[in-house]
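Q: Structure incoming, see below.
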Amino acid sequence: MSKELPKTYDFKNIESKMYQWWWDQGYFKPTNDPASINHDPDHKPYVISIPPPNVTGELHLGHAMFVSMEDLMIRYHRMKGIPTLWVPGTDHAGIATQMLVERALAKEGIRREDLGREKFLEKVWEWKDKYHDRIVAQIRRLGASCDWDRERFTLDEGLSKAVREAFVRLYEEGLMYRGSRIVNWSPKLQTAVSDLEVEYKSEPGTLYYFKYMLADGSGYLPVSTTRPETIPGDSAVAVHPEDPRYQSYIGKTVRVPIIGREIPVIADEYVDREFGTGALKITPAHDPHDYAIGKTHHLQEINIMTKDAHMNEQAGKYAGMDRFECRKAIWADMKEAGLVIKEEPYQMSIPHSQRSGEVIEPMISMQWFVKMESLAKPALEAVRSGEIKIIPDHFTKVYYNWLENIQDWCISRQLWWGHRIPVWYCKDCGEMMVSRTDIHECTKCHSHNVEQDPDVLDTWFSSGLWPFSTLGWPEKTPDYDYFYPTSMLETGYDILFFWVARMIMDGIHFTGKVPFTEIYLHGLVRDEHGEKMSKTKGNVVDPLIVMDELGTDALRFTLLVGSTPGNDTNLSVKKVEANRNFANKLWNAGRFVIGALDKAPAEADGEVEPTAADRWIWSRMQEVIRDVERLFGSHQYGEAGRQIYDFFWGDYADWYIEIAKIQLNKGGNTAFNTARMLIRILDTCLRLLHPFTPFVTEELWGHVKEAAIDKGEAFAPAAGWEDALIIAKWPEAEDYNDAEAVSALNRLREVIRTIRNLRTERKVEPGKRIEAIIAAGDSKAVFEDMKHALCYLAYLDEEKLVIADSAEKPEDMVSTAVSGVSIYLKLHDEVDAEAEKARLNAELKEIQGQVDRLEKLLASPFAEKAPAAVVDKERARLAQFKETAANLEGQLASL
RNA sequence: GGGCGGGUAGCUCAGUUGGUUAGAGCACAUCCCUUACAAGGAUGGGGUCGCAGGUUCGAGUCCUGUCCCGCCCACCA
Numbered sequence: 002m003s004k005e006l007p008k009t010y011d012f013k014n015i016e017s018k019m020y021q022w023w024w025d026q027g028y029f030k031p032t033n034d035p036a037s038i039n040h041d042p043d044h045k046p047y048v049i050s051i052p053p054p055n056v057t058g059e060l061h062l063g064h065a066m067f068v069s070m071e072d073l074m075i076r077y078h079r080m081k082g083i084p085t086l087w088v089p090g091t092d093h094a095g096i097a098t099q100m101l102v103e104r105a106l107a108k109e110g111i112r113r114e115d116l117g118r119e120k121f122l123e124k125v126w127e128w129k130d131k132y133h134d135r136i137v138a139q140i141r142r143l144g145a146s147c148d149w150d151r152e153r154f155t156l157d158e159g160l161s162k163a164v165r166e167a168f169v170r171l172y173e174e175g176l177m178y179r180g181s182r183i184v185n186w187s188p189k190l191q192t193a194v195s196d197l198e199v200e201y202k203s204e205p206g207t208l209y210y211f212k213y214m215l216a217d218g219s220g221y222l223p224v225s226t227t228r229p230e231t232i233p234g235d236s237a238v239a240v241h242p243e244d245p246r247y248q249s250y251i252g253k254t255v256r257v258p259i260i261g262r263e264i265p266v267i268a269d270e271y272v273d274r275e276f277g278t279g280a281l282k283i284t285p286a287h288d289p290h291d292y293a294i295g296k297t298h299h300l301q302e303i304n305i306m307t308k309d310a311h312m313n314e315q316a317g318k319y320a321g322m323d324r325f326e327c328r329k330a331i332w333a334d335m336k337e338a339g340l341v342i343k344e345e346p347y348q349m350s351i352p353h354s355q356r357s358g359e360v361i362e363p364m365i366s367m368q369w370f371v372k373m374e375s376l377a378k379p380a381l382e383a384v385r386s387g388e389i390k391i392i393p394d395h396f397t398k399v400y401y402n403w404l405e406n407i408q409d410w411c412i413s414r415q416l417w418w419g420h421r422i423p424v425w426y427c428k429d430c431g432e433m434m435v436s437r438t439d440i441h442e443c444t445k446c447h448s449h450n451v452e453q454d455p456d457v458l459d460t461w462f463s464s465g466l467w468p469f470s471t472l473g474w475p476e477k478t479p480d481y482d483y484f485y486p487t488s489m490l491e492t493g494y495d496i497l498f499f500w501v502a503r504m505i506m507d508g509i510h511f512t513g514k515v516p517f518t519e520i521y522l523h524g525l526v527r528d529e530h531g532e533k534m535s536k537t538k539g540n541v542v543d544p545l546i547v548m549d550e551l552g553t554d555a556l557r558f559t560l561l562v563g564s565t566p567g568n569d570t571n572l573s574v575k576k577v578e579a580n581r582n583f584a585n586k587l588w589n590a591g592r593f594v595i596g597a598l599d600k601a602p603a604e605a606d607g608e609v610e611p612t613a614a615d616r617w618i619w620s621r622m623q624e625v626i627r628d629v630e631r632l633f634g635s636h637q638y639g640e641a642g643r644q645i646y647d648f649f650w651g652d653y654a655d656w657y658i659e660i661a662k663i664q665l666n667k668g669g670n671t672a673f674n675t676a677r678m679l680i681r682i683l684d685t686c687l688r689l690l691h692p693f694t695p696f697v698t699e700e701l702w703g704h705v706k707e708a709a710i711d712k713g714e715a716f717a718p719a720a721g722w723e724d725a726l727i728i729a730k731w732p733e734a735e736d737y738n739d740a741e742a743v744s745a746l747n748r749l750r751e752v753i754r755t756i757r758n759l760r761t762e763r764k765v766e767p768g769k770r771i772e773a774i775i776a777a778g779d780s781k782a783v784f785e786d787m788k789h790a791l792c793y794l795a796y797l798d799e800e801k802l803v804i805a806d807s808a809e810k811p812e813d814m815v816s817t818a819v820s821g822v823s824i825y826l827k828l829h830d831e832v833d834a835e836a837e838k839a840r841l842n843a844e845l846k847e848i849q850g851q852v853d854r855l856e857k858l859l860a861s862p863f864a865e866k867a868p869a870a871v872v873d874k875e876r877a878r879l880a881q882f883k884e885t886a887a888n889l890e891g892q893l894a895s896l
């Protein structure tokens, strides 16, 4: 006797224990480990590097999504017997983490400058240690089967070494340079940020028209701008060289309003004659275009702002003012001075700092840049040639477009938390030293007065090396040799440029190999109405709470099944609830199957004859295995999950288990075979579902296995029971399809549904066993075989049931027909002939409609042009409809 | 301005070589605590697949045009 399992699946008690057990058993470790003595380098592994979450981040649905996806991929390959490695790790997340710590310190009234660099960094490391454990525990909770012994952190020793190696090599190759350029400056964070870290937002603004007075007093040049506060930084006014209105102005000088400085009027083709007044003020130090024009015309670059975007002494009387206050102040002053022409409302696209939100100020500063063009070329080629495949395909275009127009990458950040730039400057002779190791002495003048560049690198610089730095690069470690290049890069499409493209460029450049061969991009998780989740909107779904309430499997299944590659998915708690119910359905089906074993003999007595139902469910099972394999092969994981769900619930639980109850009661070989089939299907489904819902499947599988082993050898899978589901063999479809059984069961189910429908419609008491005659024609034998199941499922009176080839309708019965089978039922004592007539006519009308439709179809060119199989299918269908129609007509006539 | 994705049941979404009666979950209605499961079961209502053309024997699926929504890239001050 098997032990009694609780009525509902208790995920709370199972999840954490199960996870620990998997880990303790070593199941997350790659088989064929390069460290082992029996290592076979030709047995190729399947490897994923985790997209490292921010070390101080809090788990959100984006994490839940990628963990679910990647864990699915890993578990699937593991079950296929492929050595799998999922490398976990975390990212130091320069700006994000530094902001967080600064904010926390601010609550205590401490600024980072008060602490100084060293003390501040100590604080951040403390944070890192504390929050690292939290995020990692949360990732584990999702069931991530990573090899935690190989966990890495972007700032750990090995990775820091990789970063230095990469930096120095780029420098030596002439791909890295330092220069004073106009960059996106974040006044709040007081650092440069890359182009990707700038978000443009459309906002209403004003276009200001004003007079640039000619220095010789002969009039003015009308100019328009959206940023009057930059006037003090103007070094020229530009007009189009062919603009007839302004020909006479070119070469003259004008006076900067309020400031009084004289600046030239220049001609440049960049100026759009149609826009505004057709005259453009040039502020090289605070606008990227003006900067470029300034360079060609050798204009002065006048920085008028401080690092926190207040006006500096170059702005004269406005010094010390915030830039937006200055805008108002200077405009007011100009109004007073009679320099204002007009203002008009104007929709603008304003650059904001992605991280800190404030308006970006273009500023000139000394930064480090990577030349991207030569790195981009092979990265483009790798995708163009098909060496790397992006899923879904349409993102290749996005990828090309970005790489074809790539700009140099500003990689220095004026922060403290991150990889310090490996460059030293001699304060005595000015020598610049780029080095893999720390420099204490000037290589030129041997002075010890050397100082390291204060800046750190963009976080994404280290992320770009992730797939190989985590495996030991630049060392040629056994891990690197065996596991690199990795197989699959799975992440959200939102970081295609930030991360994916850079890894490809870096991978090819530094290792000579593409870092992975497939890229799967998942969509973003939104709320149930497709809105972006945000704290201000209050629509954030916390995965931790969802897991607490509904279980990890339910969340995972929802995310996996609810998403198609590259498309955003809307998540609602309702869906998770439905999938919690599915986990519970699995659990209870499992309970039934375990109990069913007690009702069957332990072994067969001679030849075992499967019933039509057995043959039907086994055929369907093979079909599902084939479908799932095909869908996994094309990365349609969601559809695969749905197929298993539908089969399990709709075919196995709703029908086969119900029929099995009857078959078990028959005892003997039928019962034996039924119990074995119940076990085999359940086992197969648990295997197929394991990558989606690892916890409930592993737990249940363990109980099923135990019960089956107790029962006897006959109940074991062909290859025997493995130690755990997580490492159990992935199902392979048998070449088995019993078309006859499939169609017989379809017919049986139709008949049962039709009887139930009539019962409900005619309000027959649910508990009443009714008399029936089934005129089944050719299918008579099947119906006889399935007689008990039919009575059980349609609630017929078995003793009075008649199954015949054909039969006349008795007076006291109502009749109907479906799938060519005539059905007579004694629902009530009285039969309302008129009502029956009406109903049968309605049914006949519908069937006749089908007959007409199909006859027309088969008389059309369809019959010759469509493939024979398709035509045959329709012919068979027509034949059945015709038979049904004939049955109904006969029934009507007898009324 | 360029590009991409989407528009299918009241809601959220599936529907991948075009195959002829378009599916699911939730919601809704009626009934049922039947010994795996009420987190369940049975039955039912609900869709001219955004619109207009085209290709085809056949179109939710392919092509063209068009409208609406969302996103990405670029950034004319």
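Just so it is clear: in the first sequence, position 261 is 262 by the working numbering, and no numbers are missing. Just so it is clear, CB atoms sit at the ideal spot from N, CA and C, and this is done for glycine as well.
#1: Taking just the CA atoms, how far does Asp-599 sit from Met-2?
#2: Is it right to say Gln-99 is buried, meaning 16 or more other beta carbons lie within 10 angstroms of its own, or is it exposed?
#3: Between the C-alpha atoms of Val-803 and Ile-774, what's the straight-line distance to the nearest angstrom?
#4: Report the CB separation of Ile-259 from Asp-334 in whole angstroms; it is logged as a contact under 8 Å.
#5: Buried or exposed for Tyr-10, please, with buried defined as at least 16 other CB atoms from any protein chain shown within 10 angstroms of its CB.
#6: Can you tell me where the beta strand (DSSP E) with Val-451 in it begins and where it stops?
#7: For Tyr-485, report the span of its beta strand (DSSP E) as first-last.
#8: Would you check if the stretch 157-173 and the stretch 311-319 touch, i.e. whether three or more CB-CB distances between them fall below 8 Å?
#9: So, under 8 Å CB-CB, Ala-597 and Ala-676 are touching, yes? Tell me the CB distance rounded to an integer number of Å.
#10: State the DSSP-derived secondary structure class of Cys-327, mapped to helix, strand or coil.
#11: Among residues of its own chain, excluding the 5 on either side of Ile-509, which ones have a beta-carbon nearer than 7 Å to its beta-carbon?
#12: For the beta strand (DSSP E) that contains Gln-368, what are its first and last residues?
#13: Quick one: what does DSSP say Trp-183 is sitting in, helix, strand or coil?
#14: Compare the C-alpha of Met-622 against each of Ala-605, Trp-731, Tyr-737, Thr-698 and name the closest.
#15: Per DSSP, what kind of secondary structure is Tyr-201 in: helix, strand or coil?
#16: For Thr-32, I'd like the list of residues in its chain whose CB is within less than 6 Å of its CB, leaving aside the five on either flank, ordered along the chain.
#17: Report back the beta-carbon spacing between Val-457 and Gly-95 to the nearest angstrom; my notes put them in contact at under 8 Å.
#18: Quick check on this structure: which residue in Ala-715, Leu-690, Ala-745 has the alpha carbon closest to the alpha carbon of Ala-729?
#19: Go to Thr-471, then tell me how far its beta strand (DSSP E) extends in each direction, as first and last residue.
#20: Tell me the DSSP secondary structure of His-299 in three-state form.
#21: Quick one, which of Arg-135, Tyr-250, Lys-538, Pro-42 has its alpha-carbon nearest Pro-479's?
#22: Is the beta carbon of Leu-190 closer than 8 Å to that of His-93?
#23: Tell me whether Val-658 is buried or exposed, calling it buried when 16 or more other Cβ atoms sit within 10 Å of its Cβ.
#24: Once DSSP output is grouped into helix, strand and coil, what is the label at Asn-571?
#25: Counting pairs of Cβ atoms below 8 Å between the stretch 209-228 and the stretch 292-311, do you hit three or more?
#26: DSSP three-state label for Gly-768, please.
#27: Note down the Cα distance separating Leu-396 from Asp-244, rounded to an integer number of angstroms.
#28: Taking C-alpha atoms, which residue in Ile-267, Glu-198, Ile-342, Val-184 lies nearest to Tyr-209?
#29: Just to confirm my understanding: we take Ile-727, look at its own chain, exclude 5 residues before and 5 after, and list those with CB closer than 8 Å. What are they?
#30: Quick one: give me the first and last residue of the beta strand (DSSP E) that Val-255 is part of.
#31: Please list the terminal residues of the continuous beta strand (DSSP E) segment that includes Ile-391.
#32: Report all residues from its chain with a CB closer than 6 Å to the CB of Trp-418; omit the five preceding and five following residues, and keep chain order.
#33: With H, G and I counted as helix, E and B as strand and the rest as coil, what does DSSP make of Lys-801?
#34: Mind checking which residues open and close the alpha helix (DSSP H) that includes His-353?
#35: Should Glu-578 be listed as close to the ligand FAD, given that the test is whether its C-beta is under 7 Å from any heavy atom?
#36: Could you compute how far the alpha carbon of Arg-878 sits from the alpha carbon of Gly-639?
A: Taking the geometry as given:
#1: Legend: pLDDT at Met-2 = 41, less than 50; position of this residue unreliable, value from coordinates given subsequently. Each residue's alpha carbon lies about 7 Å from the other.
#2: buried
#3: 5 Å
#4: 6 Å
#5: buried
#6: 451-453
#7: Counting along the chain, Tyr-485 falls outside any beta strand (DSSP E), and DSSP gives it neither H nor E.
#8: no
#9: 5 Å
#10: helix
#11: Pro-379, Ala-380, Ala-383, Val-515
#12: 362-371
#13: Residue identity check: residue 183 is Ile in the sequence provided, not Trp. Looking at Ile-183 - three-state DSSP - the assignment turns out to be strand.
#14: Tyr-737
#15: strand
#16: Pro-84
#17: 6 Å
#18: Leu-690
#19: Neither: Thr-471 is in no beta strand (DSSP E) and is coded neither H nor E.
#20: coil
#21: Pro-42
#22: no
#23: Here residue 658 turns out to be Ile, not Val, going by the sequence shown. The residue in question, Ile-658, is buried, as its Cβ has 16 or more Cβ neighbours within 10 Å.
#24: strand
#25: no
#26: coil
#27: Note on residue identity: the sequence assigns Phe, not Leu, to residue 396. Roughly 43 Å between the two C-alpha positions.
#28: Ile-342
#29: Trp-23, Tyr-28, Arg-76, Arg-79, Met-80, Ser-146, His-691, Pro-695, Glu-699
#30: 254-256
#31: 390-392
#32: Gly-95, Thr-98, Gln-99, Val-125
#33: helix
#34: Note, His-353: premise wrong, no alpha helix (DSSP H); beta strand (DSSP E) at 341-354.
#35: Questions concerning the ligand FAD fall outside what the structure shown contains, since it holds no ligand whatsoever.
#36: 32 Å
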